[in-house]
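Chemist:
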Amino acid sequence: MASDGEDMNVTPAESLASATDTEDEEPPLSPKHLSDQESEDDLEVEEGPASSEEADLDELLRQLEDYTPTIPDALTVNMLKSAGFAKVDPQIVRLVSVSAQKFISDIANDALQHCKTRTTNIQHSSGHSSSKDKKNPKDRKYTLAMEDLVPALADHGITMRKPQYFV
Numbered sequence: 009m010a011s012d013g014e015d016m017n018v019t020p021a022e023s024l025a026s027a028t029d030t031e032d033e034e035p036p037l038s039p040k041h042l043s044d045q046e047s048e049d050d051l052e053v054e055e056g057p058a059s060s061e062e063a064d065l066d067e068l069l070r071q072l073e074d075y076t077p078t079i080p081d082a083l084t085v086n087m088l089k090s091a092g093f094a095k096v097d098p099q100i101v102r103l104v105s106v107s108a109q110k111f112i113s114d115i116a117n118d119a120l121q122h123c124k125t126r127t128t129n130i131q132h133s134s135g136h137s138s139s140k141d142k143k144n145p146k147d148r149k150y151t152l153a154m155e156d157l158v159p160a161l162a163d164h165g166i167t168m169r170k171p172q173y174f175v
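Read left to right, the sequence shown gives residues 9 to 175 (my numbering).
#1: Take the Cβ of S105 as the centre, count every other Cβ of all protein chains shown within 10 Å, and call the residue buried at 16 or more, exposed below.
#2: Let me make sure I understand the geometry here. Which of D147, V101 and L69 has the alpha-carbon closest to that of T78?
#3: Quick one: grab the DSSP three-state call for K124.
#4: Inspect the CB distances between the segment 159-169 and the segment 115-126 and report whether three or more fall short of 8 angstroms.
#5: Can you confirm whether the segment 86-99 touches the segment 119-129 when touching is taken to mean that 3 or more C-beta pairs between the two stretches lie within less than 8 angstroms?
#6: DSSP three-state label for S59, please.
#7: Between the Cα of S107 and those of S90, K89 and D81, spot the shortest distance and give me the residue it belongs to.
#8: Alpha carbon to alpha carbon, how far is K89 from I130? Give it in angstroms, no decimals.
#9: Alpha carbon to alpha carbon, how far is V158 from T167? Give it in angstroms, no decimals.
#10: Leaving out the 5 sequence neighbours to the left and right, which residues in its chain are closer than 8 angstroms to F93 when beta-carbon positions are compared?
#11: Comparing C-alpha positions only, which one of K170, R148 and K146 sits nearest to E155?
#12: Compute the distance between the beta-carbons of A119 and L152, then report whether it is under 7 angstroms.
#13: With distance defined between alpha-carbon atoms, name the residue in L103, D147 and E61 nearest to D74.
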């Protein structure tokens, strides 16, 4: 406190600095001040997923190890190498294979929906139905045609046209 003419014009920062400058207290230990017994090597750190997204990713990668995609891994590795990948992790190869399979499956499913829509529109516009048309819709066989595939690919951003000489 102020006694015997001490200067009272002290800034808060100087006051805080003088209050923390005591001889009894030791400064906090930095990592380089740790003793040999408490080195960083002795500390046990359990690595686990930091978030639920990482846990989901780990679970997906574990499930991919057991799953065999329709697109072989050798084909995927060959395609990745031709695209410029030098060395590819097997988990990445499997993930790309499954992604490509899903993409192709989505296109084929969209083409099937276009085919079903086209055939039902043709039946309704003709006004008559034959004995083939009276079958259960689940028993009907569909054929993948270019006229169904082209709009399905267009939905996914792929433009496909027949060459000039087939027109």
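Even glycine gets a Cβ: it sits at the ideal position worked out from N, Cα and C.
Modeler: Considering the structure as presented:
#1: buried
#2: V101
#3: helix
#4: yes
#5: no
#6: coil
#7: D81
#8: 46 angstroms
#9: 8 angstroms
#10: none
#11: K170
#12: yes
#13: L103
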